Each structure stands twice: as C-alpha cells, then as structure tokens.
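The sequence shown finishes on residue 398 if you use numbering that gives the first Met the number 0, and the numbering steps up by one all the way, no holes. What follows is one structure encoded as structure tokens, with my remarks underneath.
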Amino acid sequence: MAIVYFMTSNIKPPSSPDPELEITEDEEEESELDYFFDQPGTLPGTLDLKTDAVSPQMVVIEYSQTTAMRTIINSPSEYTRYHNSECISWLDIQGLGNLETWRQMTEIFNLHPIALEDVVNVPQRPKVVYYDNPDHVVIIAWMVMLSPRSQKLHKEQVSIILGEHYVITVQEKPKYDCLEPVRNRIRQNQGNITKYGTDYLAYAILDAIIDEFFPVLEVYSDMLEDLEDEVLFQPQSKTMQNIYKTKRDLIVLRRAIWYQRESLNILIRDKNRLVSKKVRVYLRDCYDNTVNIRDMLETYRELASDLISIYLSSMGNRMNEIMKVLTVISTIFIPLTFIVGVYGMNFDPATSPWNMPELKWYYGYPISLALMAIMAGSLIYFFWKRGWFNDFSQFDRDN
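Here it is as structure tokens:
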C-alpha cells in the first residue's frame, strides 16, 4: 500500500545535515572528554543542565503501514495525544533542553531518575539498561562523524528509549545527525520499517548509527596509507603527531564500538518482551557489523603502532646516515690534518739538516698537495669499495 506523508502547515520534511557544517573549536575540545561523572556527594538522578537552557526541538513522526505524519511540538505535554495511539510514534528530541522539559517527560513516560541521568548527563558509556518500569528500555549509543574540513573526529551520544508504542531519541547536537535514512524509509515506506513494531524502529536507528562507522573508518584507512608513505619516504617533524592523533581517534572509535557490541548482545540474549524474535535476527546482523568494525579497528591500531616503530627506525636510519657522512669526511681529513700539522711545526732547517729538509725543496709545496690528494683519493676509493656511500635510509617505492 502506498504511504501518505502528511505534514502540519509550514513544516518541511527534515533535510539532510549540511555537509559543510564545521565543528567549532569548543566542540572539538568537548569531543575529547571522557565519560561524564558526578561531583562527589551529588544526589542520584541529578541532571547536569544549564539554568538558561532553551527547550529542545521536538519532532513527532507517527506512522503506520498506510500513513505517516510529522509534527513539530513545543513541549512534551503536546505528545499526550499520540501516547495512546495505535500507530507507532517516534519522538525525536534534538537538544538536551531544560529541567521543565524532563519533568514533563517523567510524568508522561514514567522515566526512572537514573534513566534521565543517563540520557541527559552526557557522555555515558554505550549500554542497555532496564529500570523499574518494564514498559521501556534505555539504550545509550555513540554516533561518530568526521569534521568535513579539519577531518577531526566528533562523537555524540544518542539515547534511545524503547517503549511498546513509541521510540524516543535524544541527541545533544542535532546537526550531527545520521538518522535521515531512517526518516526517509518511513516517509517512502521502504523495507519493513512500517510493517514491524517499535523494536524494528529502534533496530533501524542503531543500524544507521553503526553503519556510520564504515565511512569514518574508510577515511582513517586512507589516512594510515598516507602516513605510511610519509613515514617511509619523507618523514617530517609533524609525522609523529599525526600518527599519535590517528591512534588516539582509533582508540575512541574502539571504545565506542566495543560497548555497542555488548549492548547489542544484551538485546539479542535477553528475552525482553519489547524486542521480538523477528527483530533479534536483524539485531544479529547489526551485531556482525560491530564485530567487523572492531576487527578493522584492531588492524588499524596495530598499523598505527607499527608506523610509530617504523618512524623511529626511519629517523634512526637518517641519523646514522648523517653520522656516516660526518665520519667519512672526518676520516678523510684526519691524514691531511696530520700532514698540515707536521709541516706547521716551527723547526728551522738552517739549524740542523734533520730539521725538515723538504721545506727547502723546489717542488715541496706541489708535492705536499699531491700527497694529500692521493691520500684523500685513496680513502675515498676504499670507502666506496666497502659500500659506505650506499644510502640505506630510503626505501624503493617500486618494491
């Protein structure tokens, strides 16, 4: 059956994120932060929200096999008309909001205070948590992307609250969104998303988040190839910094995918009534993707570690080449310096016939120059035959 996509007045379908959006310096610094932690003595369930925080943008996508409607609401209280609907509703909260927003969310969905803490106080470790209310499950995931211009890694927590007739997603910064393919599938009635329940919607969201790792890993693969060429053929002072930055980002990606793999395993293994047996099959495929991503990350991390060793060896080889050149030059000039030193002594030939009689030779100066040239040439020929002038610091690009 064809799907009809209704929209309220003056509301357009969500657009794809602007590819030219740039992560600011403050956001780049925040992306390096570790997990959120409370100050000692803080009461459980305390929300870390700014006092002047504005209300988040909230979008409700309500759909069935025949219809789909997208509506922007101003507060959670406006969601109550969708709460008991037979259709599936997706409440997409873009921004963390303020205390009033989450007070209303608690009243409508009966959310546990610790669940709110996991959703609002970001970043949390990716996980799946069951609370006192058996009507919903909280899933914490990490969405990753690269800044288009600076190629710096950004990660963002996406919180998913899975209920029987609803799915709630909470994003801190909505412009870093990878869920547009899921929205398009609902709008265009593609696949099974409108045929199955909320558990399939939650799976589709998790699958989109995990699939976003692959283009990011492709960029890091290209980075490592470029770094490998740079280390082997033209190491620079910034090469080590770039390697360490890449390795650090790979560690962040590994932490993200490692815990999300465990979260999917929990959803597959636990017999929760909100996740059907049919959807568990799709979750297993999603789990396989996390395993593939983890294996790729392990390979990239090993390659980054090897690049550090190669860089240090390459720099050591270059230093050895420099020392070899200096040693050859010094060795050539040592006998010449000896001759110059001998004939620089202040012995008077007139006092004794043994006091440097060659100083009175008619061709003494040309003979001394010729002697020094012969000695230098002999040493150079000897070193060349020994292979000392071969350059071992460079690698052949063709081999």
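Positions of the beta carbon are idealized from the N, C-alpha and C atoms, including for glycine. Nothing here was measured: the structure is a model prediction, and the numbers come from that model.
* **Pairwise C-alpha distance: TRP141 and VAL127** => Using only the alpha carbons, I get a separation of about 12 Å.
* Would you mind giving the Cβ-Cβ distance between TYR195 and LYS246, rounded to the nearest angstrom? I have them listed as a contact below 8 Å. => By a beta-carbon distance limit of 8 Å, TYR195 does not contact LYS246. Their separation comes to about 41 Å.
* **Status (buried if at least 16 other CB within 10 Å, exposed otherwise) for PHE388** => By the neighbour-count definition (other C-beta atoms within 10 Å, threshold 16), PHE388 is an exposed residue.
* To do: Throw me the rounded Cβ distance for the GLN156 and PRO122 pair, which I believe falls under 8 Å.
  => Your pair GLN156 and PRO122 checks out as a contact, with CB atoms roughly 5 Å apart and the cut at 8 Å.
* **At least 3 beta-carbon pairs within less than 8 Å: the region 260-270 vs the region 298-307** => Judged by pairs of C-beta atoms under 8 Å, the region 260-270 does not touch the region 298-307, as fewer than three such pairs exist.
* Excluding the 5 residues preceding and the 5 following ASP25 in the sequence, name in chain order all residues of the same chain whose CB lies nearer than 7 Å to its CB. => Model confidence at ASP25 stands at a pLDDT of 46, short of 50, so the residue's coordinates are unreliable; what they give is reported in the following sentence. Result list for ASP25: empty, nothing under 7 Å.
* **Other residues of its chain near LEU20: CB distance less than 6 Å, five sequence neighbours each side excluded** => Caution applies to LEU20, whose pLDDT of 43 falls short of 50 and renders its modelled position unreliable; the model cannot decide the point.
* Where does TYR361 sit, in a helix, a strand or coil, going by DSSP? -> Of the three classes helix, strand and coil, the one that applies to TYR361 here is coil, per DSSP.
* Secondary structure of PRO220, DSSP reduced to three states -> It is worth fixing the name first, because residue 220 is Ser in this sequence and not Pro. Helix, per DSSP.
* Asked: For PRO55 versus GLY94, is the C-beta distance shorter than 9 Å?
  -> Yes; because the gap between Cβ atoms is below 9 Å, this pair is in contact.
* Asked: Do you know how far the Cα of LEU145 is from the Cα of LEU226?
  -> Their backbone Cα atoms lie some 18 Å apart in a straight line.
* **Outcome for GLU61 when other beta-carbon atoms lying within 10 angstroms are tallied against a minimum of 16** => Taking all protein chains in view, the Cβ of GLU61 is crowded by 16 or more other Cβ atoms within 10 Å, so the residue is classified as buried.
* Could you tell me the distance, in whole angstroms, from the CA atom of ASP17 to the CA atom of PRO147? => Because ASP17 carries a pLDDT of 44, less than 50, the predicted location of this residue cannot be relied on, and no value is offered for it.
* To do: Consult DSSP for GLY343 and reduce its assignment to one of helix, strand or coil.
  => Looking at GLY343 - three-state DSSP - the assignment turns out to be coil, as it is neither helix nor strand.
* CA-CA distance, PHE382 and MET318? -> The straight-line gap from Cα to Cα measures roughly 19 Å.
* Asked: Who does ASP91 pair with in a DSSP beta bridge?
  -> In the DSSP output, where bridge partners are listed per residue, ASP91 has VAL58, THR168.
* To do: Taking only the alpha-carbon atoms, compute the straight-line gap between LEU205 and ASP305 and give it to the nearest angstrom.
  => Between LEU205 and ASP305, the alpha-carbon positions lie close to 33 Å from each other.
* To do: Please state if the CB of VAL58 and the CB of ILE71 are separated by a distance shorter than 9 Å.
  => Yes.
* Asked: Should GLU217 be labelled buried (16 or more other beta-carbon atoms within 10 Å of its own) or exposed?
  -> Burial state of GLU217 is exposed, judged by a 10 Å Cβ sphere holding fewer than 16 other Cβ atoms.
* Roughly how many angstroms lie between the CA atoms of ASP287 and GLN150, to the nearest whole one? -> Distance from the CA atom of ASP287 to the CA atom of GLN150, rounded to whole angstroms, is 27 Å.
* Asked: Going along the chain, which residues of its own chain have a beta-carbon closer than 8 Å to the beta-carbon of LEU32, five neighbours each way excluded?
  -> Per-residue confidence for LEU32 stands at a pLDDT of 48, beneath the threshold of 50, marking its modelled position as unreliable; the derived number appears in the next sentence. Here the set comprises PRO122.
* Grouping DSSP H, G and I as helix and E and B as strand, with all else coil, what is TYR129? -> DSSP places TYR129 in the strand class (E or B) of the three-state scheme.
* Hey, would you say THR168 sits closer than 9 Å to ALA67, going by beta carbons? -> No, these two residues do not count as a Cβ contact at 9 Å.
* Asked: Which word fits PHE108, buried or exposed, when buried means at least 16 other C-beta atoms lie within 10 angstroms of its C-beta?
  -> Looking at its Cβ environment, which holds 16 or more other Cβ atoms inside 10 Å, PHE108 is buried.
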